[in-house]
Every structure is written in C-alpha cells, then in structure tokens.
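Residue numbers (the working numbering): 28 to 480.
For glycine and all other residues, C-beta sits at the position ideal for the given N, C-alpha and C.
Because the structure is a prediction, the values reported are computed rather than measured.
Everything below concerns the one structure shown next.
Encoded structure:
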C-alpha cells in the first residue's frame, strides 16, 4: 500500500501534507538516489504549471535532487507531455512535473517520469517511498558530486516542434478558426504558438495566468467559456486544455461538447483508414461509454478496457501494442507521438480530420450514440465511505438490480477526496434512481461522521 503516490503521482492541498516543502525535499533525495546509476553526470528535468505553490515545491525538489548528486534542468511552465518528451530526448535520468492537473490552484502535485519518458511503475514508486521513509539511509554525496542547476531555455520550442511533427506535413490549418482555451495553465504559450504556426486563426482565452486562476471558470473542466466564445465568434471548433495540458475537450461549431470517448473513436478510425493504427483497435477505461464497444465491433476493431488513470491505459497500450488510447475525461494517449496524455497532439489529430474531410466538426466527431450515463462526485472527509458495511450493502444491492440492464461503477478518486459514482444503461430513469440510491448512502455515511454541534 502506497503512502504518498496515488493514481497519478503525489497530489494534495498545497502547503499541507503531502504537498509540503519537507515532503518535496524527501522525494528529491529519495528519487534522486534511486535513479543515480553508473558514473555519468545524472540529470533530472523539472517543469511545472502556473500555480503559485509551484515555486515552493520546485525549490525543495531541486535541493533534494542536487543533494543526491543530480544535475537539474528547469524548464519553467510547460505541459506535462513536454516533460515526458524532454526527459527521453535529452537522455535524462528522470523527469518531474509539478502540477495538480485540472484541480484548483489551492492543490498541487508531483508527477515523475522515468528515463524512457513514461510515468513510473507501481513497483518503482513503492521503492521510492521506502527511501523517503528511511531517508537517513541515503548516503550523502561528497561536496564534489553535489548537483548543479541550470535553466533550459529551449524546452518550449522543442515541444512545439515535436507537437507540430504530429500534424501531417501535406496539410495546413489555413482558413480554420479555432477558439483555444488554455485554462490559464501550462499550455498557455505553446498551444497557441503551435496552432498559429500551422496556419490557424487562433482566438486564445485562458492565457493570462496569475498563479491563482488556473482552471478557474475555464479549461476542460469548465467548458462554458469556450462554448460561449465559439458561438459568439462563429469559430469552426473549440478546444479546451486542462491545467497541465495533458487532456482535451472539444466543442463543435454549434457549441456541443465532444468528450474523450468520441475523440478516441474518431482518431482510431482515421489511423485505421490511413494504415497507421497499431494493435487493431484502442484502449479505454471502465468509465468510457458502453456504446463504444459496439462502435469498435462494427468497425472491425478491438477495444480493451482498464482501470481509471492514464498510466493504466498506457501500460495496457505498451503491453498489447496499441497506439491509441485514452479516457472519457479527455486524456488521450497517442504513443506514436507521446509517452503520456497530450492535449495539443490530440487536438492536432482532430484538426487533421477536419481539414481532410472538409465537414463540420458536428458531423466528424459524432461517432456513436452514447448510452445514457449518470455521474456524481460525493466529497468526504476522514474515513473512506466505501469501507462502511452499510454503504457496501447498498452498492451490492444496486449492482444486483442493474444486472443485465446496466452497470454501476463506484470508486474513490485518486486525485481528490471524493467518491465517484457512475451508472449506465438504456433506461435513463433506472440508472438515475440507482445512482441516487448509492449517492444518498455515501452522503448519509459522511453526515454521520460529522461532529455534533
């Protein structure tokens, strides 16, 4: 059982355990010692999004890494996928991204990438945690081996060029009007630059970060700003990134939101038709719409499913040879171009389809009729509600009632203190009632734990 790492690195409220300078220092020492192998100068690439607390954590991590004998290359605000790309391209020993992705600025997190540019396996995270808990056993390097720190100024330029290389050279975005919401986050410079250099007319919003407005009423989790701008300006498409630019949500010219499930289907079909799809299909998670299975079957492709989390999607893709995968939330992974979810590269695949087919986005990205789904997040404090016997009984009862008629997914979030409830089925009233019963049980448990006034 891991103490610090969740489904996507370490995450929590800034300046509160585990997102404290003390923990970041320990992590730098422990991860630095783990990845110091051989006699060469060891290098770690460190990036961040635009949160105020990023500086606090960055400097603590740097102190830990340099004390473990690792040279540090800081790149400043940059997308998470840029750190994966740079770690591999620079032949660094480790990559670090300081971000809480789509969360509010009051949270922060730390994601680690191995020398291959991919996120770390569970076994590696467990080993790093062991060293964090016994940091006294890490031998201090002698003064001559203390790491050096330098700013790497070319990072964003290299990422822009890598992203543009994922767009077919024979195509251009000339004549395409795009509303681009960068969530006041890590992609606020690189994403508009890449699209403009490919010829698009870009109406960029969410590009004025101040340390506290990341994901605030903007970005992929609040698409209303993007939708309203598309409808106001008559843009062909709206694209919204999240705080670290590793996910994407799209809206069509009518302002209708298109989620990750539809985008996975669009990209997989296009790559299949072009003869570049690997693995004969794609990978999605248990939260993706059930109707996707029917779409892939009708197209003669396979669809594999994993637990929630892009690292689990990537693991299945690597083991089974798939090149397209992702989540309904908009984490799309295209391993021909990137080692992790990449909102900009995914957007370029959708834009390529727009240019090739010369049809409105509303037609291009309506790949299947989704089965009705109902979702709700239930916050909690203290003990995990799903460990309560009464809650478990309600969940089991609802699962039995839905058997053959739909499905229920209840899971704790790996990034924030909420339990996520999702029901799906052909009968909309049935799945809403089923979800409501589970949500009420979770709320009742949480209310029972509240101290009496």
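Excluding its 5 nearest sequence neighbours in each direction, residue 347 has C-beta neighbours in its own chain below 8 angstroms: 306, 310, 331, listed in chain order.
By the Cβ test, the region 266–283 is in contact with the region 209–221, since at least three Cβ pairs between them sit closer than 8 angstroms. With fewer than three CB-CB distances shorter than 8 angstroms, the region 333–342 does not count as touching the region 226–233.
Apart from the 5 residues on each side of it in sequence, residue 472 sits with its Cβ closer than 6 angstroms to the Cβ of 412, 415, 418 in its chain, given in chain order. The beta carbon of residue 30 sits closer than 6 angstroms to the beta carbons of 156 from its chain, once the five residues preceding and following it are set aside; these are given in chain order. In this structure, residue 71 keeps its C-beta atom at 9 angstroms or more from the C-beta atom of residue 147.
Taking the Cβ atoms as the reference, residue 152 lies roughly 17 angstroms from residue 125, outside the contact range of under 8 angstroms.
Taking 9 angstroms as the cut-off, the beta carbon of residue 97 is found closer than this to the beta carbon of residue 69. Spanning the alpha carbons of residue 361 and residue 425 requires a straight line of approximately 36 angstroms. For residue 294, the enclosing alpha helix (DSSP H) has its first and last residue at 287–301. Its Cα nearest to that of residue 144, the residue 73 stands out among 192, 40, 52, 73. As DSSP reads the structure, residue 268 sits in a beta bridge with 275. Note on geometry: alpha-carbon atoms of residue 56 and residue 464 lie some 47 angstroms from one another. The residues 79, in chain order, have a CB closer than 6 angstroms to that of residue 238 in the same chain once the five nearest residues on each side in sequence are set aside. Nearest C-alpha to residue 353 among 181, 300, 294: 294. Proximity to residue 129 across 261, 359, 281, 249 peaks at 249, based on C-alpha coordinates. Taking a cut-off of 8 angstroms for Cβ pairs, the region 281–298 and the region 389–396 touch, as three or more such pairs fall below it. For the region 412–478, the continuous beta strand (DSSP E) assignments of 3+ residues that do not extend past its boundaries occur at 433–439, 445–452, in sequence order. Within the region 368–412, the runs of beta strand (DSSP E) at least 3 residues long that lie entirely inside it are, in chain order, 400–406. Counting the other CB atoms within 10 Å of its CB gives residue 200 a total of 16 or more, which places it among the buried residues.
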